[in-house]
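*Asks:*
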Amino acid sequence: MLFQLARGVITLEKVENRSISLSERRLIFGQWYERAKPFLRAEKTFDDYLFEFLTSFDGVRHLLDEDVVDEAWVRANTAPLPKVAECFETQSVRLLVGLCRELQRIAGHQPFLLACRTVARLFGHATHTTAASWLRGLASARIIEVVEQGSAQTNRASRYRYIEPLDD
Numbered sequence: 003m004l005f006q007l008a009r010g011v012i013t014l015e016k017v018e019n020r021s022i023s024l025s026e027r028r029l030i031f032g033q034w035y036e037r038a039k040p041f042l043r044a045e046k047t048f049d050d051y052l053f054e055f056l057t058s059f060d061g062v063r064h065l066l067d068e069d070v071v072d073e074a075w076v077r078a079n080t081a082p083l084p085k086v087a088e089c090f091e092t093q094s095v096r097l098l099v100g101l102c103r104e105l106q107r108i109a110g111h112q113p114f115l116l117a118c119r120t121v122a123r124l125f126g127h128a129t130h131t132t133a134a135s136w137l138r139g140l141a142s143a144r145i146i147e148v149v150e151q152g153s154a155q156t157n158r159a160s161r162y163r164y165i166e167p168l169d170d
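Residues 3 to 170 in my numbering are what the sequence shown lists, from first letter to last.
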């Protein structure tokens, strides 16, 4: 939640074409904190959550109005698939390879985020387990590498790097 709030502040900076000061960030955080207080863990202090919010800014790569996965999905569905995708027989798996390539193109040299639940939604799977299996398979095939493993417990998507050539 605090990461999304940080994305919102950075989006506001772009819209207003100015930097949001630390005191303004604290004010924004304070409003969030007051509303979220009934749901927060008792053992964590205001400052604990404030620091979590402030450090979230380092991880922001995209603004709130940028849907990177949807953009990559459109590209993957319209561009020729990577040559390495030909080693798979299922068109959906081939398309997943293309999606990973397009996500890497958008991310540049940084790893890209991709949740198995997002893959399940895009490909119409009833559960995320097939999507998770496909992503593990692409990692085992050395098409992508897991840079940071996400989990339901951390509420974070995994970060990957596409390691095949981007221009094939």
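Yeah, the Cβ is synthetic: ideal placement off N, Cα and C, and Gly gets one too.
Going by alpha carbons, who is nearest to Gly126 out of Ala143, Val95, Ile22 and Val148?
*Replies:* Among Ala143, Val95, Ile22 and Val148, the Cα nearest to that of Gly126 is on Val95.
*Asks:* What residues in its chain sit with their C-beta under 8 Å from that of Glu54, if we drop five residues either side in the sequence?
*Replies:* Cβ within range, chain order: Leu4.
*Asks:* For a minimum of 3 consecutive residues, which ranges assigned as the beta strand (DSSP E) are wholly contained in the segment 56-123?
*Replies:* Segments of the beta strand (DSSP E) lying fully in the segment 56-123: 114-116.
*Asks:* Hey, Phe48 and Ile12: beta-carbon distance below 8 Å or not?
*Replies:* It is not a contact, given that the beta carbons lie outside the stated cut-off.
*Asks:* Is it true that the CB of Val86 sits closer than 8 Å to the CB of Glu147?
*Replies:* Cβ atoms of Glu147 and Val86: not closer than 8 Å.
*Asks:* Hey, Ala7 and Trp34: beta-carbon distance below 8 Å or not?
*Replies:* Checking the sequence, you will find Leu at residue 7 rather than Ala. Yes.
*Asks:* Throw me the rounded Cβ distance for the Arg103 and Pro84 pair, which I believe falls under 8 Å.
*Replies:* So it is a contact: roughly 5 Å between Cβ atoms.
*Asks:* Just how far apart, CA to CA, sit Val121 and Ser160?
*Replies:* Looking at the two C-alpha atoms, the distance is approximately 12 Å.
*Asks:* How should Gln151 be labelled, buried or exposed, when 16 other C-beta atoms within 10 angstroms of its C-beta is the threshold for buried?
*Replies:* Classification of Gln151: exposed, given that the 10 Å Cβ count is below 16.
*Asks:* Could you give the DSSP three-state label for Glu45: helix, strand or coil?
*Replies:* DSSP places Glu45 in coil when its eight states are reduced to three.
*Asks:* What does DSSP give as the partner residue(s) for Ile146 in the beta ladder?
*Replies:* Answer is Tyr164, bridged to Ile146.
*Asks:* How many angstroms separate the CA atom of Arg9 from the CA atom of Gly61?
*Replies:* Answer to the nearest angstrom: the Cα atoms are 9 Å apart.
*Asks:* Would you grab the beta carbon distance between Leu168 and Arg107 for me? Rounded to a whole angstrom, and I think it's under 8 Å.
*Replies:* That belief holds up - the Cβ atoms of Leu168 and Arg107 are roughly 6 Å apart, short of 8 Å.
*Asks:* Could you give the distance in angstroms between the alpha-carbon of Thr80 and the alpha-carbon of Tyr162?
*Replies:* If you take the alpha carbons of Thr80 and Tyr162, they lie about 22 Å apart.
*Asks:* State the Cα-Cα distance for the pair Arg2 and Ser25, rounded to the nearest angstrom.
*Replies:* As shown, the chain starts at 3 and ends at 170. That puts residue 2 outside it, with no answer to give.
*Asks:* State yes or no: is the C-beta of Leu101 within less than 8 Å of the C-beta of Ala74?
*Replies:* Their beta carbons are under 8 Å apart, which means Leu101 touches Ala74 by this criterion.
*Asks:* Quick one: measure Cβ to Cβ for Leu158 and Gln112, integer angstroms, because I've assumed they're closer than 8 Å.
*Replies:* The residue you asked about is not Leu; residue 158 is Arg in the sequence shown. Not really, about 15 Å apart at Cβ, beyond 8 Å.
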